[in-house]
Amino acid sequence: MIAIIDYGAGNLRSVQKALTAIGEVSIVTRDRHEILNADKVILPGVGAFGDAMDSLKKYELDKVIHEVCDMDKPFLGICLGLQLLFEGSDESQGVEGLHVLDGQILRIPDKEGLKIPHIGWNSLDLQNNGRLFKGLSQHPYVYFVHSYYLKAADEAIVTATTEYSTHIHASVEKNNVFACQFHPEKSSTVGLSILKNFAGIGEA
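Residue numbering for the sequence shown is 211 to 414, as defined by the numbering used here.
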């Protein structure tokens, strides 16, 4: 069973639908007991960093996420869910993130000819043998929607990067914690492969 954390953000059902497509049973929940008893946990997200942190604290899900990340339980942050795992964001100055991982979320710099937000398909440069990307080609295409990007403090945790106005840390992995800036649930067969790899982590 995979728990999808419900804190009022969008794209919950699209993540659940993608998991169903690969044969995984999931539940959308904000119940602490259900989250802690799930085999794996996903934190999706679209929207503003500050509003999301307010919602997580309102439902005391910030504490639950730290509990999950301290366990040997696979945890995946998607899009805003990646950003929330870090220290803070340019989008919401003064708002502390979950700080499960070290790094900052910065605004994508303006560049002539490029639109912000970054919306659409872009290729990844894979590195550090990320388990989410097992069996994929070196430069898979995935779908992005974001105006802010991760600059991780430790490049050893970065498993994929992309280029859009700047060098973007697009996916990270540290122990049982995984996260991706792009939307695997919107990334066609590549995205489903990534979710399948996540679902298979720790399986015999």
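Heads up, the beta-carbon is just placed ideally off N, CA and C, and yes, glycines get one too.
{"Item": "Cα-Cα separation between residue 387 and residue 272, rounded to whole angstroms", "Value": "15 Å"}
{"Item": "Three-state secondary structure (DSSP) of residue 289", "Value": "coil"}
{"Item": "Contact set for residue 269: own chain, Cβ-Cβ below 8 Å, skip 5 residues either direction", "Value": "217, 240"}
{"Item": "Terminal residues of the beta strand (DSSP E) in which residue 354 lies", "Value": "351 to 356"}
{"Item": "Chain-order list of residues whose beta-carbon lies under 8 Å from that of residue 375 (same chain, five-residue window excluded)", "Value": "318, 319, 320, 321, 324, 326, 328"}
{"Item": "Sequence-distant residues of the same chain with beta carbon closer than 6 Å to residue 350, five excluded per side", "Value": "334, 400"}
{"Item": "Check whether residue 360 and residue 315 have beta carbons under 8 Å apart", "Value": "yes"}
{"Item": "Inter-stretch contact at 8 Å, needing at least 3 Cβ pairs: the region 361 to 381 / the region 276 to 290", "Value": "no"}
{"Item": "Of the listed residues 276, 393, 341, 303, nearest to residue 413 (C-alpha basis)", "Value": "341"}
{"Item": "Residue(s) in a DSSP beta bridge with residue 279", "Value": "Answer is none; residue 279 lacks a bridge partner."}
{"Item": "Beta-carbon proximity list for residue 398, same chain, < 7 Å, skipping 5 on both sides", "Value": "none"}
{"Item": "Rounded C-alpha distance that separates residue 297 from residue 306", "Value": "6 Å"}
{"Item": "Beta strand (DSSP E) runs wholly inside the region 243 to 274, at least 3 long, in chain order", "Value": "250 to 253"}
{"Item": "Residues of its chain near residue 231, where Cβ-Cβ distance is below 8 Å and the 5 sequence neighbours each way are ignored", "Value": "402"}
{"Item": "Residue range of the alpha helix (DSSP H) that includes residue 382", "Value": "Element bounds for residue 382: not the alpha helix (DSSP H) but the beta strand (DSSP E), 377 to 384."}
{"Item": "Whole-angstrom C-beta distance between residue 252 and residue 274, which should lie under 8 Å", "Value": "The Cβ separation is near 13 Å, so there is no contact."}
{"Item": "Enclosing beta strand (DSSP E) for residue 313 [first to last residue]", "Value": "313 to 317"}
{"Item": "Rounded separation between residue 396 and residue 353 - CA only", "Value": "6 Å"}
{"Item": "Residue 262 versus residue 355: straight-line alpha-carbon distance, rounded", "Value": "16 Å"}
{"Item": "Status (buried if at least 16 other CB within 10 Å, exposed otherwise) for residue 379", "Value": "buried"}
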